Each structure stands twice: as C-alpha cells, then as structure tokens.
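No gaps in the numbering here: position 222 of the sequence shown is 222 in the UniProt record's numbering, and each next residue is one more. Where a beta carbon is used, it is the ideal one built from N, C-alpha and C, also for glycine. It should be emphasised that the depicted structure is a prediction, and the values quoted were computed from it without experimental measurement. Note sheet for the following structure.
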Amino acid sequence: MPTRLYTPTLFDPADYPQPWQVAPTNRPDFREWYASVDWSLVPNIRPKTGNTTYPSGDPDCWWTRGSCTTPKRDGIQRDVTSCVDPNVMGLTLDDGPQCNSEPFYDFLKQNNQKVSLFFIGSNVHRWSNQAKRAADEGHHIAIHTWSHTPLTSLTNEQVAAGKSSSSPIIIGSRTIQLTLLVPELWYTQKIIKDVTGLTPLSWRPPTGDLDDRIRAIAQSMGLLPADIWAADTLDWRKDSAVEGNYQAILRDAQSGRFSFGGPVVLAHELDDFTMGFVRRYLPRFQEGFEHVVPVATCRNEGRVYAEENVRYPNMQQYLAGRTSPINSTTTTTTTTTTTLAATTASPLAQNTRAPEPESKGAGSGAGRVVVGGVLGALTFAVVGLIAL
C-alpha cells in the first residue's frame, strides 16, 4: 500500500482538554464565549442519575426513558429521525475518526458515497489527519461531544481534589451554575473547526441520551436539532445479532415502512468490525432504497456549517452530482479549504443576545468531574445550566 502524505493539521493541543476527560469550564476563551450567550430558554430540569425516580408521564421528553423526540417544553425544536422523501436512507456513523478509518474512507470514495460522520472531539484530537480527510472529501461532519459522556447525567457541580467547586452566574433574575455539559459540545466544535476549517452545527448526543434541558442548551448554542435515528444497527455490540439488524432494515424498506419518510440509520465508525458491516451492506442498501445519502442531504438542511458561504448539497443537487459542500465564493476544493481556514469566529456567539454581566466570583472556574458512561458520540460536555 502506498504511503499517504498529509499536510499537518493546524491545532494546538494546549488549547484543548485532555482527550477522554470531561471538558472543563474554567478556560478564559470558553468563559468569554459563554457569557455572550442567552441561556433563558433552558428549563429547570435536574440531571438524571442511576438513582433517579422519574415520573411515568415523561415530563422532560427524556429519550433514554421512552424514545421521546418531541419536546414537552415550548420553544424547543424537535429531534431529527427521518428523511424528507420516502424510502431514502440517511446513513450516519458515530464515534470516529479512528486510526483505521483510512480504508473505509477509501471505500466510500471509490463508491462515490458520502455519509454523515459524528465525530468525538477526543478522537479528532488524536486522529486529526483522518478528520481532515473526511471533511475534504465532502462527508457531512457533525459533533458527538468531547468525551462521549451521557449528557443528561452531567450535574451542576464539578468535583476536583475531593472538593466541590461551582461558579454561579447571574443572568437577570436567574442564578445558574457552570456544569460540564456545554464544554463537551463547544470544544468538539472548536477542534473540528481548527482541523477541517468547517464549524459544524449538526450534533448527536452519545447513546441518544438527551432531554429538554439538553435540547435547549444545544439550541441556545446555535446548533441544529439533535440528529437521532429511526433504525439502529446496534453494531457496537459486536455480536451475532448485528447481521440480523442490518437485514431488518432492508426488510422494513421492502415492506413499505419508510414510504412516508426514509430512516436515519445509525452505524459506528469504531473498528474494522463495524465499518466492515457498512462496506458489506452498502450495495444492498443502494438496491433496497431509492437513495443512500448523508442526513444533511436527505433533510435538505443546507447550512450545516456556520460558515456563511458554505452550503451542504440538498437532494436535488446531490442527485445532480454535487455531492460535496458548495462554496458560494469559489468552485475548487483547495480554495474553499483556504477560505474556510481563515474564518476564526465561533458561530456559537452569533445570533444570541448577551446576558447581563457576570457576578463577582463567577470567573473562578470550576473543577473537573469524570461522570460515568461510555465516551463515544457527540455528547457535548458543555455548560449544563440549571436554575438554583
């Protein structure tokens, strides 16, 4: 196999948390951005824990409890689970990039197939060349958090060296505290921008774990509605049932289940096992569905990156052969990358109303707590806001 040569990716590891540790809130650049965002939409919902006694009526639209995707609170956007057109598949893979993603990307390129890739920030930190390649080749790049911690479990207190430390901020009549949720999203978005030149607005919570508090936080950050899924391969289990799960998706397509809107399908970019199943079944999916495309395309979302001059192709454009992001100022990939790399402003500070000044002592930051849960999707360990 020929040696692949890379241009070094441009990011300073010192600007980021340690990989696979829940992202902290005490860095000056994060706190400056945080103070610029209007968090008034975020409801007073307590974090979920293993000992939580949760009402049977599901008042928080907690996906993990009952697969709820339509928020119970006003003003919060509904989750994405399906494509606009019938029998069209939105193919998505979580938990990349990986050291062994290269052969998989080769396969996708050879088949002219684009997919949605939900990247974990810690993996981008380690495998930045793979992340850049995926973006350069036109895949839909999205956020899957920094550490893959279940988002609803993140609390209002950060524990460091055995001591509880919190940082209250006064916004109007509300007192809120920095938690670990917001940095999970923010740092993942930031490192994807630094590495690829694109600032993703699409995201997915690890394991699908979200409720109306998490949805409202992401929406306040300027992110799109959460991308969940309608069909799950459960390939991460790596057992004999995975084959049957893939076959079930094909049977559902043949039965007409997706005649009112094609499914968003969840697979994983974990290793040769999970990527191997996508390679095996992609030809069958292409035969069993009208089209197999990224979720950004099947939803006709267009603006999935914060850069004003970049649009992801909609279904009509994709089927006409425009399968990579469309830059309104240039027609070449090389020029596009250069242009985007010069854009440094974070989109999360845009289209938001500045809150009242922080109270004294709010700049002290907070310690780091490691929350239980597997790290592996776009769960953003970002500032989780809850009224005291």
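Looking only at Arg78, Asp235 and Gln77, the smallest Cα-Cα distance to Phe273 is reached by Asp235. Between Tyr312 and Thr199, the gap from beta carbon to beta carbon reaches 7 Å or more.
Ala241 is classed as exposed because its beta carbon has fewer than 16 other beta carbons within 10 Å across all chains shown. Taking all protein chains shown into account, Gly244 has fewer than 16 neighbouring C-beta atoms within 10 Å of its C-beta and is therefore exposed. In this structure, Thr207 places its C-beta atom within 7 Å of the C-beta atom of Pro150. In the three-state reduction of the DSSP assignment, Phe119 falls in the strand class.
Straight across, the Cα-Cα distance linking Leu224 with Asn44 is about 21 Å. By the Cβ-count criterion, Asp15 is exposed, with fewer than 16 other Cβ atoms from all chains shown falling within 10 Å of its own Cβ.
Phe289 sits away from Asn112, with the two beta carbons spaced by 7 Å or more. With contacts defined as CB atoms closer than 7 Å, Gly90 and Val310 fail to qualify as a contacting pair. When only Cα atoms are considered, Ala230 and Tyr246 end up about 13 Å apart. In the three-state reduction of the DSSP assignment, Met315 falls in the helix class.
Nearest in C-alpha terms to Arg31, of all of Ser116, Pro183 and Pro71, is Pro183. Take the alpha-carbon of Pro325 and the one of Gly138: they are about 6 Å apart.
Residues Tyr246 of the same chain have their beta carbon placed closer than 6 Å to that of Tyr281, with the five preceding and five following residues left out of the count. A residue is called buried when at least 16 other Cβ atoms come within 10 angstroms of its Cβ; Pro55 does not meet this threshold and is exposed.
Per DSSP, Asp12 lies in no beta strand (DSSP E) and is assigned neither H nor E. One alpha carbon belongs to Asp85, the other to Thr25, and they sit about 41 Å apart. The beta carbons of Val37 and Ser220 sit closer together than 7 Å. The beta-carbon separation of Leu266 and Thr233, rounded to 6 Å, stays under the 8 Å limit for a contact.
Taking a C-beta distance under 7 Å as the contact criterion, Lys72 and Pro59 qualify as a contact pair. Sequence-distant partners of Arg322 (beyond 5 residues in either direction) whose C-beta falls short of 7 Å from its own C-beta, in its chain, are Pro313. By the neighbour-count criterion, in which a residue is buried when 16 or more other Cβ atoms sit within 10 angstroms of its Cβ, Phe260 is exposed.
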